[in-house]
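Visitor: This is the structure I want to talk about, given as structure tokens.
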Amino acid sequence: MSEVFEAARKVMPGGVSSPVRAFGSVGGSPVFVKSAKGAYVTGVDDREYLDLVGSWGPALLGHAHPEVVEAVRQAAGRGLSFGAPTTGETELAELIIGRVGGIEKARFTSTGTEATMTAIRLARGFTGRELIIKFAGCYHGHSDGLLAEAGSGVATAGLPGSAGVTKAAAGDTIVLPYNDLDAVKEVFASRGSEIAAIITEAAAANMGVVPPNPGFNQGLLRIAKEHGALLIQDEVLTGFRVSDAGYWGLEGRRDGWTPDIYCFGKVAGGGMPLAALAGRTEIMDKLAPLGPVYQAGTLSGNPLAVAAGKATLTLADAKVYARIDAMADKLAGILTGRLTEAGIPHRLQRVGSLMSVFWGEGPAQAPVINYAEAQKQDTSIFTRFFHSMLDQGVLLPPSAFEAWFLSAAHGESELDRLDVAIQKATQAISS
Ligand SMILES: Cc1ncc(COP(=O)(O)O)c(C=O)c1O
């Protein structure tokens with residue numbers, strides 16, 4: 000164990016501020032980062048790593064983009080936090096509304112967890128109902144009612160949920176298999192009048208990348224509408240990443256529909272703590288101070304985070320998305336090519352520029368469409384692959400259940416380096 004990890008573990012549970020960072024499922028000591036720039040992070044031991052974690056999503060433009068850093072620097076010079084409204088918040092809300100369909104108002108929070116938690120409370124306040132439907136393997140942050148069969152760190156640790164969640168909180172959440180509209184119809188047929196909302200990742204990417212079946216999201220909206228419930232589309236991970244308008248930009252814009260409430264985070268805050276929920280006025284105005292649904296935050300809409308979000312969204316133009324998509328196409332080609340060459344059974348799945356690999360014979364046979372299938376992968380193959388890549392200076396998300404993140408700072412030289420590393424890693428694990 001590294002010295003810095005040992006010191007951290009003495010004073011913080013697991014040595015980390017968020018569980019997956021601890022390398023628990025892959026073993027070894029996590030890389031303690033002292034700085035990051037573009038496509039690279041530098042460890043405290045001065046070793047540089049080509050980074051495919053991207054701060055778990057926010058680093059769309061690459062780390063420490065000069066214009067984003069300058070925007071934050073200037074904001075910091077004007078004061079760190081006021082506890083009063085700023086014009087920057089209005090401007091960021093306008094940027095979000097201008098990009099994504101069906102949004103008239105947005106409320107800023109500091110984390111994605113708060114955004115989804117508030118969206119649920121808002122849906123309950125709006126409908127006067129209590130039950131929520133979520134899907135196994137989807138992760139919506141760590142509020143009590145949303146941890147059942149959650150993805151991300153909960154999936155990585157192989158937990159069914161979390162201790163400390165009351166039966167009442169768990170009992171208000173109905174967990175169904177992802178991509179199964181019949182299961183949703185069945186529950187609505189028996190309990191439709193009690194259901195406030197369905198919450199779903201716009202495209203699941205916390206159990207590995209599992210795209211929604213064609214018509215799944217729109218089907219959820221239709222069923223919810225038929226029964227007077229709302230659809231909450233969680234775009235904390237996909238928002239402003241898989242297109243200029245997030246996953247809605249790949250599907251809803253094409254098919255002409257919008258969910259009732261969106262949740263955003265990650266890219267929207269450009270690497271600073273910022274998230275949002277957003278939707279139509281009729282729903283959003285139920286939030287305090289106009290409505291009876293309470294939500295607040297000392298640091299909500301923090302001026303530094305707003306500055307980072309505004310700069311990031313302003314810079315994230317069509318060229319940025321085209322470049323990241325092109326890099327993702329090439330990386331996916333390299334990855335499947337090298338794994339196939341080495342005879343390693345696998346399935347690579349994608350949603351726009353997001354990708355992950357499911358390892359082993361099970362996933363190799365058929366596409367992974369839900370959490371039960373995702374759990375059949377052989378994570379021990381990933382562990383060996385991960386460590387070989389790390390030894391070669393490539394930092395992957397330390398879990399087979401997490402998506403890989405590219406940025407606009409990843410270019411041809413990074414792809415060349417990845418190709419060499421992936422070839423060596425596949426040889427290492429097939430020998
Ligand atoms: C889809 C989704 N929703 C919500 C969250 C929670 O966001 P945060 O970690 O900012 O609380 C995440 C985080 O990974 C996420 O991927």
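Under numbering that gives the first Met the number 0, the first residue of the sequence shown is numbered 0, with each subsequent residue one higher. Note that CB positions come from ideal geometry on N, CA and C, so glycine has one too.
(1) Measuring only the C-alpha atoms, how far is K285 from F125?
(2) Report the residue from G78, A267 and P344 whose alpha carbon sits nearest the alpha carbon of G361.
(3) Let's see if you can read the secondary structure: which residues bound the alpha helix (DSSP H) around F215?
(4) Going straight from the alpha carbon of F263 to that of M354, what length do you get?
(5) Shorter than 7 Å, the distance from the beta carbon of M301 to the closest heavy atom of ligand 1, or not?
(6) For a quick check, are the C-beta atoms of I421 and L334 less than 8 Å apart?
(7) Decide yes or no for the touch test of the segment 61-77 against the segment 307-321: beta carbon pairs closer than 8 Å, at least 3 of them.
(8) Would the C-beta of Y261 count as close to ligand 1, meaning under 7 Å from any of its heavy atoms?
(9) Just to confirm, are N205 and I368 a CB contact at a threshold of 8 Å?
(10) Residue ranges of each alpha helix (DSSP H) run of no fewer than 4 residues wholly in the segment 326-350, ordered along the chain?
(11) Can at least three beta-carbon pairs, one atom from the segment 66-84 and one from the segment 410-424, be found at a separation below 8 Å?
(12) Suppose the cutoff is 6 Å on Cβ atoms and the five residues either side in sequence are ignored; what does the same chain contact list for M116 look like?
(13) Would you say the beta carbon of L146 is closer than 7 Å to some non-hydrogen atom of ligand 1?
(14) Measure the C-alpha to C-alpha separation of S192 and I131 and round it to an integer number of angstroms.
(15) Counting along the chain, where does the beta strand (DSSP E) carrying D233 start and finish?
(16) Runs of 4 residues minimum, wholly inside the segment 173-222: which ones carry the alpha helix (DSSP H) assignment?
(17) For the pair the segment 396-411 and the segment 319-327, tell me if three or more CB-CB distances fall below 8 Å.
(18) Helix, strand or coil for G278, going by three-state DSSP, please let me know.
(19) Are there any heavy atoms of ligand 1 lying less than 7 Å away from the beta-carbon of E193, as far as the coordinates show?
(20) Between the Cα of F239 and those of S28, T297, E281 and V99, spot the shortest distance and give me the residue it belongs to.
(21) Could you work out which residue in S430, T155, N301 and I323 is closest to P84 when comparing CA atoms only?
(22) Using 8 Å as the threshold, is the segment 79-96 in touch with the segment 247-257, meaning 3 or more CB pairs across them?
(23) From what residue to what residue does the beta strand (DSSP E) around K104 run?
(24) Taking C-alpha atoms, which residue in L59, M0 and P57 lies nearest to V30?
(25) Please confirm whether T199 and F400 have their CB atoms less than 8 Å apart.
(26) Taking the alpha-carbon positions, what's the A427 to T339 distance?
Guide: According to the structure data:
(1) Spanning the two alpha carbons is a distance of roughly 7 Å.
(2) Among G78, A267 and P344, the Cα nearest to that of G361 is on P344.
(3) Unbroken alpha helix (DSSP H) run through F215: F215 to E225.
(4) The straight-line gap from Cα to Cα measures roughly 20 Å.
(5) The amino acid at residue 301 is misidentified as Met; the sequence shows Asn. Because no heavy atom of ligand 1 lies under 7 Å away, the Cβ of N301 does not count as near it: no.
(6) Yes, these two residues count as a Cβ contact at 8 Å.
(7) With the cut-off at 8 Å, the segment 61-77 and the segment 307-321 touch.
(8) Y261: no, Cβ never under 7 Å from ligand 1.
(9) Note that the C-beta distance between N205 and I368 is not below 8 Å.
(10) DSSP runs (the alpha helix (DSSP H)) wholly in the segment 326-350: none.
(11) By the criterion of at least three beta-carbon pairs nearer than 8 Å, the segment 66-84 is not in contact with the segment 410-424.
(12) The answer, listed in chain order, is S142.
(13) L146 Cβ: outside cutoff for every heavy atom of ligand 1.
(14) Approximately 12 Å, taken between the alpha carbons.
(15) Per DSSP, the continuous beta strand (DSSP E) segment holding D233 begins and ends at L229 to D233.
(16) List check, alpha helix (DSSP H) in window: 180-190.
(17) A contact exists between the segment 396-411 and the segment 319-327.
(18) Strand.
(19) Because no heavy atom of ligand 1 lies under 7 Å away, the Cβ of E193 does not count as near it: no.
(20) The shortest C-alpha to C-alpha distance from F239 to any of S28, T297, E281 and V99 is the one to V99.
(21) Measuring C-alpha to C-alpha distances from P84 to each of S430, T155, N301 and I323 identifies N301 as the nearest.
(22) Output reads no: the segment 247-257 does not touch the segment 79-96.
(23) That run of the beta strand (DSSP E) goes K104 to T108.
(24) Considering only alpha carbons, the answer is M0.
(25) In this structure, the beta-carbon distance from T199 to F400 does not fall below 8 Å.
(26) Their backbone Cα atoms lie some 14 Å apart in a straight line.
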